[in-house]
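Quick notes on the structure that follows.
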Amino acid sequence: MKHYRYSTHVLWLSIIFPVVLMIGLFIWAVHGVIMNGPLGIYQLILVAMPLLLISSLIGLNNPSSITLTPESIIFEGFWRKHEYKWKDVDELTLKDYGYVGKAFIRIGKYRLLGGRYWVSSNLEGYKELLEVIESQLEGCGIRERCDSVQSK
5 MKHYRYSTHV LWLSIIFPVV LMIGLFIWAV HGVIMNGPLG IYQLILVAMP
55 LLLISSLIGL NNPSSITLTP ESIIFEGFWR KHEYKWKDVD ELTLKDYGYV
105 GKAFIRIGKY RLLGGRYWVS SNLEGYKELL EVIESQLEGC GIRERCDSVQ
155 SK
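Numbering (the working numbering), first residue to last: 5 to 156.
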């Protein structure tokens, strides 16, 4: 079993601070509507921020840690855990966007909340993680079972 985590500094700046900022903007918009009435920017924030918060907190689109085992891959963050057994994975997309320092991992069929994860190159062992996922795919035969597998 291999555990990949962000350093404390990166965790706070890349994952926790954006969520706190979204909550702050939402509170600011509620206060603005109460004090000034429903102006356009307040309404936009009141609609957008809850959607972004749900995506971040429930969907775990930016996990704080990833655990790889021979049987599964586990994405963790905000006291939630999404686990995928390799034998059950029938669709996988792995894209490394090196020029922006992130990788996109999509696992399984389309789900509204979950299955899509962004991993920053600031993750300790980032390159190793991508290599291990690739080798795990080859070793478990997921490539042969998948409807679409991409690796860039």
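All C-beta atoms in this analysis are idealised placements derived from N, C-alpha and C, irrespective of residue type, glycine included.
Q | Nearest-angstrom Cβ-Cβ length linking L117 and I62, presumed shorter than 8 angstroms | A | Between I62 and L117 the Cβ distance is about 5 angstroms, and since that is below 8 angstroms, they are a contact.
Q. If we ignore side chains and look at the alpha-carbon of each, how far apart do A107 and H7 end up?
A. Per the coordinates, the alpha-carbon of A107 lies some 17 angstroms from the alpha-carbon of H7.
Q) Using 8 angstroms as the threshold, is the stretch 23–31 in touch with the stretch 85–102, meaning 3 or more CB pairs across them? A) The stretch 23–31 is not in contact with the stretch 85–102.
(Q) Our contact map puts Y121 next to I109 with C-beta atoms below 8 angstroms; I'd like the distance itself, whole angstroms only. (A) Going by Cβ atoms, the distance from Y121 to I109 rounds to 5 angstroms, so yes, they are a contact pair.
Q) How long is the line joining the alpha carbons of S157 and I78, rounded to whole angstroms? A) The structure shown does not extend to residue 157, since the chain is modelled only from 5 through 156, so no value can be given for it.
Q) Going along the chain, which residues of its own chain have a beta-carbon closer than 8 angstroms to the beta-carbon of I58, five neighbours each way excluded? A) The answer, listed in chain order, is L117.
Q. Over what stretch of residues does the alpha helix (DSSP H) that includes S76 continue unbroken?
A. Premise fails: S76 lies in the beta strand (DSSP E), S76 to G81, not in any alpha helix (DSSP H).
Q: Would you identify the three-state DSSP class for L96, choosing helix, strand or coil?
A: Strand, per DSSP.
Q | the stretch 8–28 in contact with the stretch 44–58 per 3-pair CB rule at 8 angstroms | A | Touching, yes.
Q: Determine the direct distance from the alpha carbon of S76 to that of E148, and round the result to whole angstroms.
A: Below a pLDDT of 50, predicted positions are generally treated as unreliable, and E148, at 46, falls in that range; no measurement from the model is reported.
Q | Reference V93, options P22, G81, Y114 and K99, closest by Cα | A | The shortest Cα separation from V93 among P22, G81, Y114 and K99 belongs to Y114.
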